[in-house]
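When you number the sequence shown by the working numbering, it's gap-free, plus one each residue, and the end is 434.
Every residue, glycine too, gets a C-beta built ideally from N, C-alpha and C.
Before any comments, here is the structure.
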Amino acid sequence: MISYEQGTQVSMLKLLEELVNIDSGSTYKEGIDLIGDILSKEYQKLGFDIQVNHQERNGNNLVIRHKSAENPKIILIGHMDTVFKKGTVRKRPFKIIGDRAYGPGVIDMKGSQVELLYAMKELVENNHSVAIKNVEIVLNSDEEIGSPISRSLIQKVAFGKEYALILEPARKDGSIVSERKGGGNYKLIIRGKSAHSGIEPEIGVSAIEEFAHKVIKLHSLNDEEEGINVNVGIIRGGIAANVVAPRAEAYIDVRISKIEQMKILSKKIKEICSVSDVPGTKIELIGSIDRYPMVKDEKSQKLLSIIKEIGCDMGITLKDVSTGGGSDASTTVSLGIPTIDGLGPVGGRPHSEDEYLEIPSLVERTNLLINIIKRLSEDKN
54 MISYEQGTQV SMLKLLEELV NIDSGSTYKE GIDLIGDILS KEYQKLGFDI
104 QVNHQERNGN NLVIRHKSAE NPKIILIGHM DTVFKKGTVR KRPFKIIGDR
154 AYGPGVIDMK GSQVELLYAM KELVENNHSV AIKNVEIVLN SDEEIGSPIS
204 RSLIQKVAFG KEYALILEPA RKDGSIVSER KGGGNYKLII RGKSAHSGIE
254 PEIGVSAIEE FAHKVIKLHS LNDEEEGINV NVGIIRGGIA ANVVAPRAEA
304 YIDVRISKIE QMKILSKKIK EICSVSDVPG TKIELIGSID RYPMVKDEKS
354 QKLLSIIKEI GCDMGITLKD VSTGGGSDAS TTVSLGIPTI DGLGPVGGRP
404 HSEDEYLEIP SLVERTNLLI NIIKRLSEDK N
């Protein structure tokens with residue numbers, strides 16, 4: 054197995070600091086594109102071609118493959134966006150305390166970007182030509198908002214691949230991810246009729262009253278045993294306390310654990326929102342359940358066993374877990390590609406002010422990724 058120079062950690066941390074100290078929230082195109090420019094230049098130095106998928110409003114997406122690549126069979130996916138709004142870095146820049154690095158997006162997933170680049174760097178510099186020819190990379194800009202723009206690009210690049218490796222971070226105990234919930238998002242808009250609530254309430258039709266009925270019915274779809282979660286997470290409505298509300302809207306998050314639940318739950322949600330409980334209200338439902346659940350089937354189990362075997366040879370005991378969070382793994386899974394996620398560095402508390410990365414894991418997980426790519430490239434199935 055490959056031994057990675059521990060001294061490389063210094064340059065890895067330097068790049069990590071540069072990336073973390075750039076705001077790149079999903080809606081901040083300028084920041085995401087700056088991240089993309091920095092990474093593109095580094096990959097180009099290694100002989101990779103960069104295909105830029107230009108976007109007018111969102112950040113650009115990147116497709117990266119080496120000039121010598123021939124029908125790559127491995128797709129690697131990582132995202133450049135974070136959940137943090139512009140200005141976060143100024144308040145909370147990159148810092149190191151002990152063996153941990155902190156900062157917005159440090160583990161989700163700028164640490165993974167560093168890991169991936171340095172894995173490619175080692176493979177190129179040590180002339181692992183078979184491995185280099187077999188990888189194609191997608192770096193997208195909108196994963197944290199469900200990949201609405203980049204999903205079709207990922208599908209196009211992933212089509213025909215034999216393996217998918219997703220660079221979301223490992224869990225805080227070092228576990229990789231073999232199962233994820235699928236799901237989707239809806240926007241519910243309800244229109245009523247305004248009226249003065251004291252003078253002539255009888256001519257009004259309350260959108261909020263209708264909305265209250267819908268929230269209760271939607272939440273009744275939750276089924277913990279079946280792994281179904283429906284959550285009305287954002288609500289807005291009304292004009293003033295003394296006005297019958299003419300409009301209300303809500304944003305709904307849906308999670309599922311089985312593929313067959315996609316159609317069933319979608320039908321139930323549409324049925325609930327197709328009939329008014331308050332006469333005179335009009336209902337509009339926008340959205341869908343479009344993220345496939347990542348399940349541990351026979352093909353993914355085989356890939357998982359290979360990765361665990363590689364870890365064992367390196368002295369790493371790898372556990373695998375199921376998680377309720379979504380990722381771009383759902384896109385590769387929907388194409389029937391064996392997929393393993395959580396192959397980034399080890400860390401914790403993503404999406405919070407305390408987000409951190411375990412620094413020693415940068416080199417360790419880079420080593421692991423290098424050896425996974427080498428093994429899969431040589432695999433004849």
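Considering only their Cβ atoms, is the gap separating Leu-69 from Ala-122 smaller than 9 Å? Cβ atoms of Ala-122 and Leu-69: not closer than 9 Å.
I'd like to check one pair, Ile-252 with Ile-336: are the Cβ atoms closer than 9 Å? Result no, Cβ atoms of Ile-336 and Ile-252 do not sit closer than 9 Å.
To the nearest angstrom, report how far apart Asn-420 and Ile-149 are at their CA atoms. Rounded to whole angstroms, the gap between the alpha carbons of Asn-420 and Ile-149 is 22 Å.
Beta strand (DSSP E) segments (min. 3 residues) lying fully within the region 292–369: Contiguous beta strand (DSSP E) elements confined to the region 292–369 occur at 300–309 and 335–344, taking only those with 3 or more residues.
Close-in-space but distant-in-sequence residues of the same chain around Ser-414 (CB under 6 Å, 5 per side omitted): For Ser-414, where only same-chain residues beyond five positions count, the Cβ hits under 6 Å are Pro-398 and Val-399.
Pull up the distance between the alpha-carbon of Gly-280 and that of Ile-309, whole angstroms please. Our two residues, Gly-280 and Ile-309, have alpha carbons roughly 6 Å apart in a direct line.
Does the region 177–196 come into contact with the region 361–369, if we say contact requires no fewer than three beta-carbon pairs (one atom in each stretch) closer than 8 Å? Segments in contact, no.
Just mark Gly-195 as buried or exposed, buried being the case when its beta carbon has 16 or more other beta carbons within 10 Å. The amino acid occupying residue 195 in the given sequence is Asp; Gly does not appear at that position. Buried is the call here.
Which residue comes first and which comes last in the alpha helix (DSSP H) that contains Cys-75? For the sequence presented, residue 75 should be read as Ile rather than Cys. Counting along the chain, Ile-75 falls outside any alpha helix (DSSP H), and DSSP gives it neither H nor E.
Please return the same chain residues whose Cβ sits closer than 8 Å to the Cβ of Ser-250, not counting the five positions on each side in sequence. Result list for Ser-250: Gly-257, Ala-294, Asn-295, Val-296 and Val-297, in chain order.
Beta-bridge partners of Arg-244, as assigned by DSSP: Paired residues: Arg-300 and Lys-335.
Could you check the C-alpha separation between Leu-410 and Asp-102 for me, to the nearest Å? Their backbone Cα atoms lie some 30 Å apart in a straight line.
Should the region 350–362 be called in touch with the region 320–335, which here means at least 3 C-beta pairs below 8 Å? Between the region 350–362 and the region 320–335 there are fewer than three C-beta pairs closer than 8 Å, too few to call the two in contact.
State the CB to CB distance for the pair Ile-269 and Gly-290, rounded to an integer number of angstroms; the pair is presumed to be in contact (CB under 8 Å). Contact doesn't hold; Cβ gap of about 15 Å is too wide.
Classify Leu-122 as helix, strand or coil using the three-state DSSP reduction. Strictly speaking, residue 122 in this sequence is Ala, with Leu absent from that position. Correct three-state label for Ala-122: coil.
Just mark Ser-56 as buried or exposed, buried being the case when its beta carbon has 16 or more other beta carbons within 10 Å. Since pLDDT at Ser-56 reaches only 42, below the 50 mark, its modelled position is unreliable, and the value read off the structure follows with that caveat. By the 10 Å Cβ count, Ser-56 comes out exposed.
Over the uninterrupted alpha helix (DSSP H) stretch that includes Asn-180, give me the two end residues. Counting along the chain, no alpha helix (DSSP H) covers Asn-180, and no H or E run does either.
Does DSSP put Ile-55 in a helix, in a strand, or in coil? Legend: pLDDT at Ile-55 = 43, less than 50; position of this residue unreliable, no value from coordinates given.
Just to confirm, are Asp-381 and Ser-205 a CB contact at a threshold of 9 Å? No, they are not a contact pair.
How big is the Cα-Cα spacing for Asp-16 and Leu-220? This structure cannot speak to residue 16, because the chain is shown only from 54 to 434.
Relative to the C-alpha of Ile-393, which candidate in Asn-284, Ser-228 and Glu-406 has its C-alpha closest? Distance check between Ile-393 and each of Asn-284, Ser-228 and Glu-406 places Ser-228 closest, using alpha-carbon atoms only.
Integer-rounded CB distance, given that Lys-82 should sit under 8 Å from Asn-50: With the chain represented from 54 up to 434, any question about residue 50 goes unanswered, as that position is not in the structure.
Please classify Gln-314 as buried or exposed, where buried requires at least 16 neighbouring CB atoms within 10 angstroms. Gln-314 should be labelled buried.
Between the C-alpha atoms of Leu-338 and Asn-124, what's the straight-line distance to the nearest angstrom? A straight-line Cα-Cα distance of about 42 Å links Leu-338 and Asn-124.
Check for me: the beta strand (DSSP E) holding Ile-219 runs from which residue to which? Looking at the DSSP string, the run of the beta strand (DSSP E) that includes Ile-219 is 216–219.
Please name the residue, chosen from Val-183, Asp-86 and Gly-213, that lies closest to Ser-387 on a Cα-to-Cα basis. Comparing Cα-Cα distances from Ser-387 to each of Val-183, Asp-86 and Gly-213, the minimum goes to Gly-213.
How many whole angstroms separate the CB atoms of Glu-263 and Thr-334, which I take to be in contact at a CB cut-off of 8 Å? For a cut-off of 8 Å, the C-beta gap from Glu-263 to Thr-334 is around 4 Å, short enough to register as a contact.
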